[in-house]
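Position one of the sequence shown corresponds to residue 1 (UniProt numbering), numbered consecutively onward. Worksheet for the structure shown next.
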Amino acid sequence: MNRRQCESVGGNDAGKRRKGGIAMPELPEVETIRRTLLPLIVGKTIEDVRIFWPNIIRHPRDPEEFAARMIGQTVRGLERRGKFLKFLLDRDALISHLRMEGRYAVASALEPLEPHTHVVFCFTDGSELRYRDVRKFGTMHVYAKEEADRRPPLAELGPEPLSPAFSPAVLAERAVKTKRSVKALLLDQTVVAGFGNIYVDESLFRAGILPGRPAASLSSKEIERLHEEMVATIGEAVMKGGSTVRTYVNTQGEAGAFQHSLFVYGRKGEPCKRCGTPIEKTVVAGRGTHYCPRCQR
1 MNRRQCESVG GNDAGKRRKG GIAMPELPEV ETIRRTLLPL IVGKTIEDVR
51 IFWPNIIRHP RDPEEFAARM IGQTVRGLER RGKFLKFLLD RDALISHLRM
101 EGRYAVASAL EPLEPHTHVV FCFTDGSELR YRDVRKFGTM HVYAKEEADR
151 RPPLAELGPE PLSPAFSPAV LAERAVKTKR SVKALLLDQT VVAGFGNIYV
201 DESLFRAGIL PGRPAASLSS KEIERLHEEM VATIGEAVMK GGSTVRTYVN
251 TQGEAGAFQH SLFVYGRKGE PCKRCGTPIE KTVVAGRGTH YCPRCQR
């Protein structure tokens, strides 16, 4: 398939059937995207890269250099680090952050591009990996594979919550050294990678801790309980494909299921599932924060 064919437009409405986006993707959503996207792209060779919004490209800054270094390379794997997707090519790694509304879709080169499609990876088999982002907040970095974990943005990330590197001792060490609230601490990606507003609120509810409480005030038992609930919450969310709170769907257009298990997030005014007290919402660490005033103290 030549370059001209790769850039052609036409086809059916398959792109519309996959229509969807993602609002504030966190670890479970990104992991689900990784799992559903992997079999659709692994083994495919990049013939061309089309960039319609250069600001998404962060390294190398020159969009032409970004595109040129990937052409001819084959997708060998797809990993996740925190909230980032890590596409493994022959020599390089593409690091992609979806931010608020970014999403990937695999389509035939003959299908029309959806609005807000900003980067297209054209494969030699006639298919394309398309990145669509209504708000244009997403980012892409390309590094040599052996450098990717040592360069920003991955170098700045804390341990994965489901790995042995994230332990109660690690959490306690960071908590005692800060004057921030416990919610602000857990949102910090250098402390633990992958947690955002949804799963921080849920973990704090399950641990019985108010989000605005100073992190340094937590006892060792509370730290252990919080760590346990963070691991359990994120693990359960991964198993259920993430949370479709707004527009999130996976690569195959399927919604997540964990939203049915949410205790507090997005439930302002609704009765607490444990005690019946109305869920309240406030602002902590600059983020809308849901909690139960009775269960969390």
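Note that CB positions come from ideal geometry on N, CA and C, so glycine has one too.
Practice problem: Alpha carbon to alpha carbon, how far is L37 from L89? Give it in angstroms, no decimals. | Solution: By one-based count along the sequence shown, residue 89 stands at place 89. By one-based count along the sequence shown, residue 37 stands at place 37. Approximately 15 Å, taken between the alpha carbons.
Self-check item: Burial state of R130 (16 or more Cβ within 10 Å)
Solution: Here the question's residue 130 lines up with position 130 in the sequence shown. Buried is the call here.
Quiz item: Whose CA, out of F52, P293, P161, lies closest to the CA of F195?
Solution: As a position in the sequence shown, residue 195 is number 195, starting the count at 1. When only C-alpha atoms are compared, the closest one is P161.
Exercise. Just the C-alpha distance for C292 and I56, rounded to the nearest angstrom, thanks.
Key: Within the sequence shown, residue 292 is the residue found at index 292, counting from 1. Within the sequence shown, residue 56 is the residue found at index 56, counting from 1. Roughly 39 Å separates the two Cα atoms.
Practice problem: Any chance you could list the alpha helix (DSSP H) runs of at least 4 consecutive residues sitting entirely within the region 50-120, in chain order? | Solution: 63-70
Self-check item: Assigned secondary structure, L129 (DSSP; H/G/I helix, E/B strand, else coil)
Solution: Here residue 129 refers to the residue found at position 129 when the sequence shown is read from its first residue. The answer is strand: DSSP assigns L129 an E or B state.
Quiz item: What first and last residue would you give for the alpha helix (DSSP H) that runs through K221?
Solution: Residue numbering aside, residue 221 sits at position 221 when the sequence shown is read from its first letter. Note, K221: alpha helix (DSSP H), 220-239.
Self-check item: Whether A175 touches A216 by CB criterion (7 Å)
Solution: As a first step, residue 175 is located in the sequence shown; it is residue number 175 there, counting from the start. As a first step, residue 216 is located in the sequence shown; it is residue number 216 there, counting from the start. A contact, by the Cβ cut-off of 7 Å.
Self-check item: Extent of the continuous beta strand (DSSP E) run through R174
Solution: To locate residue 174, count along the sequence shown from 1; it is residue 174. Careful: R174 lies outside any beta strand (DSSP E), inside the alpha helix (DSSP H) at 168-176.
Quiz prompt | Coarse secondary structure for T190, derived from DSSP in three states | solution = In the sequence shown, the residue the question calls residue 190 occupies position 190. Reduced to three states, the DSSP call for T190 is coil.
Quiz prompt | Start-to-end residues for the beta strand (DSSP E) that takes in T45 | solution = Taking the first residue of the sequence shown as position 1, residue 45 is located at position 45. Where T45 is concerned, there is no enclosing beta strand (DSSP E), given that its DSSP letter is neither H nor E.
Quiz item: When the Cα atoms are used, what is the spatial distance from V142 to P278?
Solution: Taking the first residue of the sequence shown as 1, we reach residue 142 at position 142. Taking the first residue of the sequence shown as 1, we reach residue 278 at position 278. Taking the straight line from one Cα to the other gives about 47 Å.
Quiz item: Does DSSP put K183 in a helix, in a strand, or in coil?
Solution: Taking the first residue of the sequence shown as position 1, residue 183 is located at position 183. Helix.
Quiz item: For A93, is the classification buried or exposed, using 16 other Cβ atoms within 10 angstroms of its Cβ as the cut-off for buried?
Solution: Counting from 1 along the sequence shown, the entry for residue 93 is found at position 93. With 16 or more other Cβ atoms within 10 Å, it is buried.
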